[in-house]
Amino acid sequence: NVVNRELNDGIVVEEPVEVIASGWSGYTTWELTSDGTLTFVPTEQNLDGQTNMKNYWKVNGVLTLPWGEYADQITKVVISEGIHDLGQMAFYELPNLTEVELADSVVEIRNYAFKNCKNLTTINLEVVEQIREGAFYGCSALENVTFAEGVVVEDFAFSGTNVNP
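Residues 13 to 177 in the numbering used here are what the sequence shown lists, from first letter to last.
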């Protein structure tokens, strides 16, 4: 894979897409590539037949995400087929996140998963059955959301957005 990059003089160069970092998150592995894409893939392991991402919490006011040091570089999140739940606070305050691609297997987005992702404008949630408290809280640019029929939306899931599920 290659990514096109425009230089200051207007010349466009092709650069190979390279893996910057990778690791584990619950029953998934993740990989961040040089084009800003953070991709999650299920592992062989699972919990009660479900493949879930890890939940994250602030400890003494600090949230430590495995991909946290690359937060400014992440522009797209891809959740691969087979993953059922997105972890609590997993994508908290990714300042340049503009795109999220969810597999059809995703049924739940946990608490504050995308809180304060201020550049996220569109997301397709038509397969998601449950959107937990504060999942998209503070995503102030979020306008275009597609919901599943009968989706359960908890309190404050879309507070600070223009979305009214």
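Beta carbons: idealized from backbone N, C-alpha and C, even for Gly.
Around the beta-carbon of Thr76, fewer than 16 other beta-carbon atoms lie within 10 Å, marking it exposed. Here DSSP, grouped into helix, strand and coil, assigns Gln85 to helix.
Met65 is a Cβ neighbour of Thr40, given a cutoff of 8 Å.
Ile95 and Ile86 have their C-alpha atoms spaced approximately 20 Å apart. With 16 or more other Cβ atoms from the protein chains shown falling within 10 Å of its own Cβ, Asp97 counts as buried. For Ile32, the enclosing beta strand (DSSP E) covers residues Val31 to Ser37. Glu120 is not a Cβ neighbour of Ile91, given a cutoff of 8 Å. With 16 or more other Cβ atoms inside 10 Å of its own Cβ, Trp42 counts as buried.
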